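A quick write-up on the structure given underneath.
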Ligand code: AQP
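Residue numbers (the working numbering): 140 to 468.
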């Protein structure tokens, strides 16, 4: 079975709709026919300052959300990144392979460092290199992510190619797995930028009170004109709402447009608020159930880490050997 790897940061606690529709929904689908590895990337979280208590709690909350959203720990390997030390170890190897200029071209770093109020750490700069290690350790065929990660995937492929040509074939070149329709979910208040946890206001969080989410949806910025049509360029606000509506209900955008013929933006937003509430309520209940039994949750993660380490340790050992390190007996 083809291998799949992806990760999600525990920084915000709650995932947002962009994380779910852009990434996690595909994780759930791919676990059926793929050998899937999914991790909560706590090493990435510390690229910005974290309160230790909050980080620990958010890591469990993230794992609970993945389970509640449909990741099945008997099918997929679900683990916490820091439980598998090979990530940091291969990360170092990849750093030594990356050009400074190459790392400097990462647009996400430029955006994030510009938004950052505290001083920017080197970890934020090298984060895509650690991400390359995350992926290459598992010899992943596919990496299900949102559009914002495409450039990092390119870097991963470049590093794998460089290592393979310098030391002999070691790493598989991974392909991004990006579902076009939901590759970029936009901010409800500014439908030309991506929904993002660092820009509060137009972000719908899975764990917030659904009443609050419904209100945010009702006050989403829409466009001039009155007609409900999908036109990403001229009607980004309405198109974003249609994308979300379609993804949550499984209905095509065309059928939604036909249904809302003659109706107003207000109707669409009110209905979408209800659709979201209906979808998210049982998800929140399941998250709570997982968090009420932290011992069992930690056991699932420990089992996942054990399986992940079997693969990761093998890749790291082969990598160290190729580099010329004396392998420990
Ligand atoms: N708006 C989005 N639309 C589609 N996919 C998205 N993803 C994130 N935002 C959108 C995808 O979610 C996955 C997990 O992302 P992450 O762990 O990198 O989360 P993040 O970067 O902390 O989330 P944000 O909100 O995007 O944070 P900031 O603003 O800090 O960068 C990834 O596959 C990502 O593509």
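We put the beta carbon where it would ideally sit given N, CA and C, even for glycine. Bear in mind that the values here come from a model prediction, so they are computed numbers and not experimental data.
Environment of residue i [buried if 16+ CB atoms lie within 10 Å]
{"i": "residue 373", "result": "exposed"}
{"i": "residue 341", "result": "buried"}
{"i": "residue 218", "result": "buried"}
{"i": "residue 225", "result": "buried"}
{"i": "residue 270", "result": "buried"}
{"i": "residue 243", "result": "exposed"}
{"i": "residue 172", "result": "exposed"}
{"i": "residue 420", "result": "exposed"}
{"i": "residue 175", "result": "buried"}
{"i": "residue 381", "result": "buried"}
{"i": "residue 355", "result": "buried"}
{"i": "residue 305", "result": "exposed"}
{"i": "residue 361", "result": "buried"}
{"i": "residue 140", "result": "exposed"}
{"i": "residue 465", "result": "exposed"}
{"i": "residue 323", "result": "buried"}
{"i": "residue 344", "result": "buried"}
{"i": "residue 375", "result": "buried"}
{"i": "residue 397", "result": "exposed"}
{"i": "residue 437", "result": "exposed"}
{"i": "residue 261", "result": "exposed"}
{"i": "residue 302", "result": "buried"}
{"i": "residue 321", "result": "buried"}
{"i": "residue 441", "result": "exposed"}
{"i": "residue 157", "result": "buried"}
{"i": "residue 453", "result": "exposed"}
{"i": "residue 443", "result": "buried"}
Identity of the residue in the options nearest residue i by Cα
{"i": "residue 311", "options": "276, 150, 400", "result": "276"}
{"i": "residue 359", "options": "327, 286, 412, 345", "result": "327"}
{"i": "residue 170", "options": "151, 199, 215", "result": "215"}
{"i": "residue 391", "options": "405, 402, 369, 375", "result": "369"}
{"i": "residue 316", "options": "334, 293, 331", "result": "293"}
{"i": "residue 325", "options": "155, 151, 143, 146", "result": "155"}
{"i": "residue 417", "options": "397, 388, 441", "result": "388"}
{"i": "residue 427", "options": "159, 204, 158", "result": "204"}
{"i": "residue 349", "options": "198, 413, 145", "result": "413"}
{"i": "residue 283", "options": "431, 222, 265, 146", "result": "146"}
{"i": "residue 248", "options": "449, 298, 264, 200", "result": "264"}
{"i": "residue 366", "options": "454, 402, 451", "result": "402"}
{"i": "residue 458", "options": "194, 236, 357", "result": "236"}
{"i": "residue 433", "options": "168, 150, 199", "result": "199"}
{"i": "residue 166", "options": "149, 345, 212", "result": "212"}
{"i": "residue 153", "options": "177, 444, 193, 182", "result": "193"}
{"i": "residue 313", "options": "296, 320, 443", "result": "296"}
{"i": "residue 289", "options": "230, 404, 320, 245", "result": "245"}
{"i": "residue 404", "options": "379, 299, 425", "result": "379"}
{"i": "residue 451", "options": "197, 267, 274", "result": "274"}
{"i": "residue 347", "options": "157, 423, 321", "result": "423"}
{"i": "residue 357", "options": "371, 339, 377", "result": "377"}
{"i": "residue 318", "options": "330, 281, 307, 300", "result": "281"}
{"i": "residue 339", "options": "254, 364, 394", "result": "254"}
9 Å Cβ cutoff met for residue i and residue j
{"i": "residue 469", "j": "residue 439", "result": "No information on residue 469 is available, as it lies outside the stretch 140 to 468 that the chain covers here."}
{"i": "residue 179", "j": "residue 220", "result": "yes"}
{"i": "residue 386", "j": "residue 285", "result": "no"}
{"i": "residue 337", "j": "residue 251", "result": "yes"}
{"i": "residue 257", "j": "residue 143", "result": "no"}
{"i": "residue 228", "j": "residue 455", "result": "yes"}
{"i": "residue 447", "j": "residue 232", "result": "no"}
{"i": "residue 415", "j": "residue 352", "result": "yes"}
{"i": "residue 384", "j": "residue 406", "result": "no"}
{"i": "residue 151", "j": "residue 429", "result": "no"}
{"i": "residue 149", "j": "residue 190", "result": "no"}
{"i": "residue 159", "j": "residue 210", "result": "no"}
{"i": "residue 461", "j": "residue 309", "result": "yes"}
{"i": "residue 272", "j": "residue 240", "result": "no"}
{"i": "residue 330", "j": "residue 291", "result": "no"}
beta-carbon residue i near the ligand GTP non-hydrogen atom, thresh 8 Å
{"i": "residue 257", "result": "Among the ligands modelled here, namely the ligand AQP, the ligand GTP does not occur."}
Residues bridged to residue i [DSSP beta-bridge criterion]
{"i": "residue 145", "result": "177"}
{"i": "residue 218", "result": "178"}
{"i": "residue 155", "result": "344"}
Enumerate, from N- to C-terminal direction, the unbroken beta strand (DSSP E) stretches of 3 or more residues contained entirely within the stretch 243-314. 281-283
Contained alpha helix (DSSP H) runs [length at least 4] in the stretch 356-399, N- to C-terminal order: 375-388, 392-398
Where in the stretch 166-209 do unbroken runs of the alpha helix (DSSP H), each at least 4 residues long, occur, reported from the N-terminal end onward? 181-184, 191-207
Would you mind listing the alpha helix (DSSP H) stretches within the stretch 316-359 that are 4+ residues and don't spill past its ends, in chain order? 349-357
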